[in-house]
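First comes the structure, then the notes that go with it.
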Amino acid sequence: MKRKILQIAALCLCLNLLVGCSEYLKEAPLDAPATGQFFNNQAEMNSALNAVYKSVYWNTGTTPYQSVFDGWTDIALLRAPDLGEGNFDVFNANAKNIWSLAYTTIQRANTMIEGMEAGKVNVPAAVYNRMQAEARGVRAFSYFYLVNMFGDVPLITKPLLPSDFYNQTRAPKADVIKFIYSELDAAAAGLDWAPADRGRMSKAVVLGLKARTAFYNKEYKTAADAAKQVIDGAGLGLNPKFQDLFTKAGQTPNAGKEIMFEVLYTDADANAITYLPLGSISRAAGGQSGRFPQQRLVDMFEAKDGKRIDESAVYDPKNPRLNRDSRLKYTVAIPGDTISMNLVTLVYDIYKSTTSFRNADGSWSTKANADYDNAFGPSKSGVGLLHAKYTMTAENAFSARVNFILMRYAEILLTYAESKIELNEIDASVFNAINLVRKRAGQPDAITGDQTKMRQLIRRERTVELAMEGFRWFDIRRWDIASIVMPQKVMGIAKDPAVVAASPGFKLTAVHDLNNIPTYAESESVRMVREIRFWYPKLNLLPVPQSERDINPGLTQNPEW
Amino acid sequence: MLITLCQFYQANAQNGELRGKVTESTGEVLPGVTVLIKGSSAGTTTDANGNYKLSLSQSSGTAVFSSMGMISQEIAFNGAGEINVSLVSDSKTLNELVVVGYGTQKKVNLTGSVSVIDGERLKNRQVASTSLALQGAAPGVTVTQQSGVPGGDAGTIRIRGIGSINAGQNPLVLIDNVEMSLDAIDPNNIESISVLKDAAAAAVYGSRAANGVILITTKRGANGINVSYNAYVSDQSPTDLPNKVNALEHMKYWDVAQANSGLPAAFTQQIAAYETSGPDNYTLFNTDWKKLVLTGNGLMHNHNLNVSGGTDRIKIYASGSFLDQNGLTANTNYKRTDLRFNTDISLTKKLSASMDLVLNKSNRLWPGQSTPQSIIRQMLGFPATAPGRYDGGEWGEGWSNANPAAQAQDGGFSRAITNSRIIKGTLIYKPIEELELLATYSSNFYTTHGRNFTDQYKIYIADAANNTLLLARPWPALNSLSDNTSENTQNLFRVQATYSKAFGKHNFTALGGFTTEDFQTSNVNTYRQNLLSADRPYLDSGDPLGQTISGGISKYSIVSAYGRLNYNYNEKYLLEINGRMDASSRFRQENWWKLFPSVSAGWRLSQEGFWSGISHIVNDAKIRASYGTLGNQNLIRSGSADYYPTYSTFYSGTAYNYYFNNVVNAGYALTTAANPNIKWETSKILDLGADFGLLRNRMSITADYFRRDITDMLQLVPIPTYVGLASPFVNIGSMRNTGWELGIGWKDKIKDFGYQAQFNISDVKNKVLKNGGTPIINGANIQQEGYALDSYYGYQADGLFQTADEVKNAPFHYGNTAPGDIRYRDISGPDGVPDNKIDSYDRTILGNYFPRYEYSFNLAAQYKGLDVTAFFQGVGKKDNYLSGTGSQPFYSANFQGSMYEHQKDFWTPENTDAAYPRLTPSAIPNNYVTSSYWVRSASYLRIKNLVLGYTLPKTITGKIKIKSARIYLSGQNLITWSNFFPGFDPEQRDTGGEFYPIMKTYTVGININL
């Protein structure tokens, strides 16, 4: 009897469990929405859009990627050998990082643009259109970098199905550019001139991006037209003080609305910090300098009289800091400059084991100077110079939150001017644009000249205004001078402060003169010098990452890689 | 020695002698039989013909005849004379039971491949993590240790190779049929371990068993009372650590490196200063980072007190253990308490119950700012020129404010406290003799509480101008606290019926059961910084500004029905059929269920008539074969379980948030692609084996050949990064592990002298059979058809360039290649032929890290109170790849590196047959891309364990009223023979030169039975 009861009990138990099985086994994510459960309303769309924007912050080690690009050119260097130094192959981490960072943004935007249609009816049309336009603008921003760094790239405009993961091929560069144009035009239609919140895409940004895309593609007419639209319609102006653009406090008011698009940080999140300043700041100020300017950049700044230093009467090689374009001291720190970095104010020096530090009460003390002997500081790893742009931010460098500018109005003005010069349509609007930028720097108005003279001026102006903002790498390729400026020794300041280094020449050839390329034949022996760099024509484009080609052999490689 | 003993006894002869012949019941003579006079010290052994002679010191008494594998006989005698004895073989050996899946089975009747490890053997190994005690303990069981850090020194266990790529490679570990960490249990509580290695043996665990099963049975109560106390104290130190160059050498070599790259010398002034005045630890440093960081207090001690007691109705085993293990660095400690109550109750003759309760707590302390691994890494990597600690005790700034000694001592704490409560109840009802009904429920509930307080240390810099030290800054800029909890529950319910019946010589056992299993984990993570006081490391004293909080939950469940049918005819022909139906919530409903069958058979040759001719030599012989399938669904992504692999979810958190209007705007993004169509991964395992007992079962031989095919592998096949998502799981490809195992044991006892030897050797060869087409390249590794999984992949090095001409004429690789750099072979090109360029087409397979020919030998002997054990373990063939800091002077992924002593043998025009390439200040890829230059053989042999014990004589223990007492000395990892790179332990794989070393330990311990 007892046995029977047990048997029945066991049987019931089993049956019960089997019936309950389907409930018991049915599991789906509990704490996060899955595909198909999202984009129901404005809040969900907005949060997806936030993540799209977040992905525009390309970083390796919390430093925006664009800020490193100049270290691969003739105006700056990175402590660790990088793209400039012949260390370049198809496994290069930078190529791989940029490729995947850009496509992460593209995936998020594609997912959003397609997914949000499901909730379209729940969102006011104007808001919906704006959000969609922003996502398209950000996606075009990614393609802009991809096409300019890699040439032909897979053009992916929708979330990929697994069946399509492996069969993408590289679309011709022209097709990608065409796509960028049409996307930006469409986005412009859905956006106001001013962004809905600071940091968002606006009509000004997407048209500015169109101008930049066309400009890099040497489609100067399109570039000039798009830039002109921004200049005429957006109501933007320049920040009164150049240096305020690169400090947290100076950025906050965004006076004149010069800052158009930027990477945002906030003190509301402990992790929302940037190491951009830290990685360039003086060792004596407690920073971790690992990126340095080259002397070539310093020598490209005009003298106060508006002339290149080899033609200026007021330039003094003994005291290169004096009588210079005011932007120089906010871009490069030269020994003798008083700098304020990481909340420390000191006199920057590399020649002595001590230097002067300002005390809290305003008095000065002499203390040990790490910039003199630190193996990774500006004297041992650099060529005697420090970055001043983005380093004098009046913040603790370990929790800096200075925004990184991805687009500002000065660039639009210079792009406009250069495009018109290339079109040889040098009218008053060109001078207006150039002189707006020069006036702020305290430089005299540009003097009328022929197309060649104007080219020389605008190329100089563009280099010094936008140094360390991620443009030079593209510019030396567009101007076709990379083969000249890259395979040179990295040049620095005088080795011995008592032995004056002669001013460089700029007129070795007409190309040198036109592009303001300094040469140091006379002074090399007395300057701090680093290794000779390399140039191969293949370096005009980055290689398609080998890891990507290992996975999809259908992806072709750029020439000579 | 024996001869001496015999002579000694003969010298004492007074009352004549006892003599005779000892034979086996079959008539064979028995040599080596111990003959003892009960109650005296007189005794001898039989000679080769089974004869013995024993001088008597007493006129009457009892003679005891004993031999391994035989039932002892006692025969009374009165005066001298002849006593001939026939011993019967001990059927206990034959009746030895082995724990198998959901039951026990007679060892001789096993048809699957099962290795049994006696709990007593584990006690000889004084290790904090029990997994390490399994190293070399059974053939086919590979245990490798990657780190010796307290709370993280567990070994990785692989049974017969790698059973999966992304669906988990760990065997299922069941402690009394409850899934829990092997390392959480004190080895003192282990009665026995069964390792189920083939499909037939593991079949009833179906879906969880594809990587083998380790069944641990804990001790249970027995009639009477027994109390025992076991304790040891160990001193731990690293097996090996590389040595670094001093400050002056660092600078000189650095400048050599600079010059090699066309860079100016960096240290001219400093070198001059060092050479004139020497380091003063004020402005010129020669920091001995090892001395600053290593505390030299690697003390570990373990205590176990257990009580076993019982009557016929109720039996209890209670045990409490406490382990306390210090690390090499300050604030590095691991404590574990393990309380266990095993209770068995006979309610009626037919109904019995058992109730087990385990309370386990582990408390891991690491420094707060940095993990011990990272601290050791910095210690090994930092140049001696970096300021460590001034003479007054102030911290120097190390490198970029990171000072490993300060991080360890003053960097706060990172605590991980895990509290685990396991409760298990079992009811067994035997309505009739042949039938057993069982229901069992267990729940493992554990919480982890992680509190990480990052404290600030003060960094001073020398102000030589004013001859003082200045407080530069506290580091980091802000202190911070993260406080995370997680709560986990694993429920297991099982009902089972077993029916056994013999019909004449036909023996049947049928077993059927049903299980459900579910797991749920949830967590809350919080973070605040800028705490008002380091004395109150709690959230309330932190700043709400910048705080973060997150949390989530995940679940999975599995339902299974299983059955087993055992049949044997007269214990001669053996057959077993297993089956298990599994369903997993990880799959979509249409792929839930799958059946995993297996069959195995054995033939005991020694039971056959024709065997009788050699049965006195080969006492027992069995051949067996098994074939079956097992499933796997235990998906792992980046080291963590993936519970919802068929869904692509939108993730939130800091990585997706954005900051419009200076506030945190929550972001959601897709991060992984999902594949709703995935289904069970399947392992098909073939095993052919044989077991022999020889020479009165003193010798045992077990040999196995196996083939393990894994098909429909659940893999995270890389997808192009242009997809913008992490790979989804797919069922693709297949892999094969083939291998063999051989275990040879010998145990014997001659009078008071007992000795045992065990030799194990095994081999496993892994091969990817199908891969879905394209090889999968992941950094230095490749998964390619026809080769071992994750084979090393890179260039084939061809020595070093000696002259500029050689570089010029060699295939182009990099612009900055120079003499002293590694030369590579131009193997191929885009068109499949060498193209005079070194590029991605020239990569090739360079070896793999699978341990081949793993062997061990264990030698043990006991004489009277003395016991000694020596355990050697080795690997005959294995490749290991060194990269990062390990291969590149002045390099580290995270900081400025220095150089190791052995790297001084670098190329210069004068040192052309150097071991290493020319120095460069930072990694030039030419020399440090993955290549055969940095892949070396890591075969090794090491003295894993050496024990010397002494059990106090009864005369002493009797006086202090204890049953027995033993003291011992032991050592772990004492000596290692290997040709791997100097300073690096060959067991630690692909370290990149940055690792926490494995420990060498010296132990003293006691075992007391009250």
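So the protein sequences, as listed, match chains A and B.
For the first sequence, this note's numbering begins at 4 and goes up steadily by one.
For the second sequence, this note's numbering begins at 27 and goes up steadily by one.
All residues carry an ideal CB built from backbone N, CA and C; glycine is no exception.
Keep in mind that this is a model prediction, so the values were computed, not measured.
Asked, Found
"Got a sec: which bits of the segment 344-365 of chain A sit with their beta carbon under 8 Å from any beta carbon on chain B, in order along the chain?", "SER356 and THR357"
"Beta-carbon within less than 6 Å of ARG6 of chain A's beta-carbon, same chain only, minus the 5 sequence neighbours each way: which residues are those?", "Because ARG6 of chain A carries a pLDDT of 46, less than 50, the predicted location of this residue cannot be relied on, and the following value inherits that uncertainty. Closer than 6 Å at the Cβ level, and outside the excluded window around ARG6 of chain A, lies no residue."
"Which residues does DSSP list as the beta-bridge partners of HIS839 of chain B?", "Partner(s): none; HIS839 of chain B has no beta bridge."
"8 Å is my cut-off, CB to CB: does VAL59 of chain B come that close to chain A?", "no"
"Measure from the C-beta of GLN296 of chain B to each C-beta in chain A and report whether the shortest distance is under 8 Å.", "yes"
"Identify which residue in B:SER948, B:SER996 and B:LYS980 has its Cα closest to the Cα of ASN971 of chain B.", "B:SER996"
"Measuring CA to CA, which of A:THR269, A:ALA252, A:LEU210 and A:GLY473 is closest to VAL569 of chain A?", "Any answer about residue 569 of chain A is impossible in this case: the structure gives chain A only from 4 up to 564."
"In the DSSP assignment, the alpha helix (DSSP H) including PHE304 of chain A goes from what residue to what residue?", "Premise fails: PHE304 of chain A is in no alpha helix (DSSP H) and is neither H nor E."
"For ILE11 of chain A, would you say it is in contact with chain B, using Cβ-to-Cβ distances shorter than 8 Å as the test?", "In this prediction, ILE11 of chain A scores a pLDDT of 49, lower than 50, which makes its location untrustworthy; the coordinate-derived value is nonetheless stated afterwards. Not an interface residue."
"By a C-beta neighbour count over all protein chains shown, 10 Å radius and 16 as the cutoff for buried, is THR63 of chain A buried or exposed?", "exposed"
"Any contact between the segment 544-554 of chain B and the segment 142-158 of chain B? By contact I mean 3 or more CB pairs, one from each, below 8 Å.", "no"
"Less than 8 Å separating the beta-carbons of ASP34 of chain A and ARG299 of chain A?", "no"
"May I have the straight-line CA-CA distance separating GLY508 of chain A from SER526 of chain A, to the nearest angstrom?", "10 Å"
"Near GLN33 of chain B, which residues of its chain fall below 6 Å by C-beta distance, leaving aside the five closest residues on each side in sequence?", "Note that GLN33 of chain B scores 37 on pLDDT, short of 50, meaning its location in the model is unreliable; the coordinates nonetheless yield the value given after this. Taken in chain order, the list of residues that qualify is empty."
"At a Cβ threshold of 8 Å, is GLN262 of chain B touching chain A?", "no"
"Would you list, in chain order, the members of the segment 429-450 of chain A that have their beta-carbon closer than 9 Å to a beta-carbon of chain B?", "none"
"Counting only C-beta atoms, is ILE535 of chain A closer than 8 Å to chain B at any point?", "yes"
"Beta-carbon of ALA844 of chain B versus every beta-carbon of chain A: anything under 8 Å?", "no"
"Is ILE603 of chain B helix, strand or coil by DSSP?", "strand"
"Anything in the segment 100-134 of chain A with a Cβ closer than 7 Å to a Cβ of chain B? List those residues in chain order, please.", "TRP102, SER103, TYR106, THR107, ILE109, GLN110, ARG111 and THR114"
"Please report the straight-line C-alpha distance between SER641 of chain B and GLY107 of chain B, rounded to a whole angstrom.", "32 Å"
"According to DSSP, LEU497 of chain B sits in a beta bridge with which residue or residues?", "B:TYR486"
"I believe ILE353 of chain A touches TYR375 of chain A by the beta-carbon criterion, under 8 Å. Please report the beta-carbon distance rounded to the nearest angstrom.", "6 Å"
"Report the CB separation of LYS161 of chain A from GLU117 of chain A in whole angstroms; it is logged as a contact under 8 Å.", "6 Å"
"When DSSP labels each residue in this structure, what does LYS450 of chain B get in the three-state scheme?", "strand"
"Could you list which residues in chain A have their beta carbon closer than 7 Å to that of PHE91 of chain B, in chain order?", "What PHE91 of chain B touches in chain A: nothing, since even the nearest Cβ is about 49 Å away."
"Since TYR907 of chain B and ASP824 of chain B should fall inside the 8 Å C-beta cutoff, what is the C-beta to C-beta distance between them, to a whole number of angstroms?", "No, TYR907 of chain B and ASP824 of chain B are not in contact; Cβ-Cβ is about 18 Å, not under 8 Å."
"According to DSSP, simplified to helix, strand and coil, what is MET925 of chain B?", "coil"
"What's the C-alpha gap between SER384 of chain A and LEU80 of chain A?", "9 Å"
"Quick one: is GLN291 of chain A near chain B, going by C-beta distance under 8 Å?", "yes"
"Ordered along the chain, which non-local residues of its own chain (more than five positions away) have a Cβ less than 8 Å from that of ASN797 of chain B?", "ILE758, GLY759, GLN809, GLN810 and GLU811"
"From B:VAL833, B:GLY715 and B:SER958, pick the residue whose C-alpha is nearest to that of PRO165 of chain B; which is it?", "B:GLY715"
"Within 10 Å of its beta-carbon, does ALA647 of chain B have 16 or more other beta-carbons around it, so buried, or fewer, so exposed?", "buried"
"Are VAL130 of chain A and GLN45 of chain A close, meaning C-beta to C-beta below 8 Å?", "yes"
"Could you give the first and the last residue of the continuous beta strand (DSSP E) run that contains HIS532 of chain B?", "532-555"
"What in chain B is Cβ-close to GLY202 of chain A, meaning under 9 Å?", "TYR684, TYR685, PHE686 and ASN687"
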